[in-house]
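Note sheet for the following structure.
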Amino acid sequence: MPDPRDHRVLIPVDVLEGQTVPATVIDAFASIPVVLLGYREIPDQTGPDQARDQYGDRMQAELAELRTVFEEVGCDVTTRSAFTHDRLKTFERVAVDESCDAVLVLNPAPILETILVAIRSDVNVEYIAQLLETILAGTDLELTLFHVASDEDGREAGSVLLETARSELVAAGVDDSRIDGTVVVDDSPTAAILEAAADHDILVAGESRPSIRRFVFRDRAERLARRTVDPVLVIRGSISSRTTATSEQ
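Note that our numbering gives residue 491 to position 223 of the sequence shown, counting from 1, and the numbers run on in steps of one.
So this is what it looks like as structure tokens:
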């Protein structure tokens, strides 16, 4: 079983807008080192340095307060800040820079009881299972594995994929009784995932293998992060290369 400290999750928070991290989310991620990214999306005509000069001190004060909340539940936490014209691009850059395994895009989560895990045919299910086990440990969260097949011919392959994912979760230490699985046929995977996510409290989306894609938010994962009303945990693979976002610290 992997050590929880082998993983790291980036949690971006728009602290200047008053965004908070629900206690249910803090408790769920207490065992995993997190990077809190205080960010503010600014107009195109405003430069990041200008915004930092005006709001930087307030940003740091809000981040310090939020950091204390995480530390009080025993979480290993570090902080970063950014003033950006594109929040998702900044999230992906900081995730790479800080070697984060996943990015949690916050949305309101007053209750956190069920997780929908969208499984694609090309994701690393073993890697996802290890991170999910770390999150589930010490909680009563239940999860549903979800796969969208493009036609009826793909339904059986989808069922096999979900059984593989279930086996990996059980091998990682998750009780089988906490795992459900659903395969649907739909020519619009994003719409099907969003519809299913409406019945769950958090959505987990895995990115393609790192040899295929470099960054966190691509294609379906970005559309899900922008359109769902649930928190979205985007799991990325190990990436050897590093990029540094400008005007971030």
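Just so it is clear, CB atoms sit at the ideal spot from N, CA and C, and this is done for glycine as well. Being a predicted model, the structure only gives us computed values, none of them experimental.
Task: Continuous beta strand (DSSP E) assignments of at least 3 residues falling wholly in the segment 280-349 - done: 302-309
Open item on the list: Taking the alpha-carbon of Y307 as reference, which of S349, A296, N375, V453 has the nearest alpha-carbon?
Closed with: S349
Task: Limits of the unbroken alpha helix (DSSP H) element including T458 - done: 457-465
Open item on the list: What would DSSP say about P499, mapped onto helix, strand or coil?
Closed with: coil
Task: Top-ranked residue by Cα proximity to L399, from P280, I279, I300 - done: I300
TODO: Any chance you could list the beta strand (DSSP E) runs of at least 3 consecutive residues sitting entirely within the segment 381-465, in chain order?
DONE: 382-386, 410-417, 447-453
Task: Residues of its chain near V484, where Cβ-Cβ distance is below 8 Å and the 5 sequence neighbours each way are ignored - done: Note that V484 has pLDDT 48, beneath the 50 cutoff, so the model's placement of it is unreliable and the number below is only indicative. Excluding sequence neighbours, V484 sits near F359, E360, A363, V364, V371, E475, V502, R504.
TODO: Compute the distance between the beta-carbons of R326 and F351, then report whether it is under 8 Å.
DONE: no
Open item on the list: If you reduce the DSSP assignment to three classes, tell me which class L374 lands in.
Closed with: coil
Open item on the list: Would you call the segment 409-420 in contact with the segment 454-466, where contact means no fewer than 3 C-beta pairs closer than 8 Å?
Closed with: yes
Task: 8 Å Cβ cutoff met for L374 and V289 - done: yes
Task: Close Cβ partners of T407 (< 6 Å) along its chain, the five nearest in sequence each way excluded - done: A296
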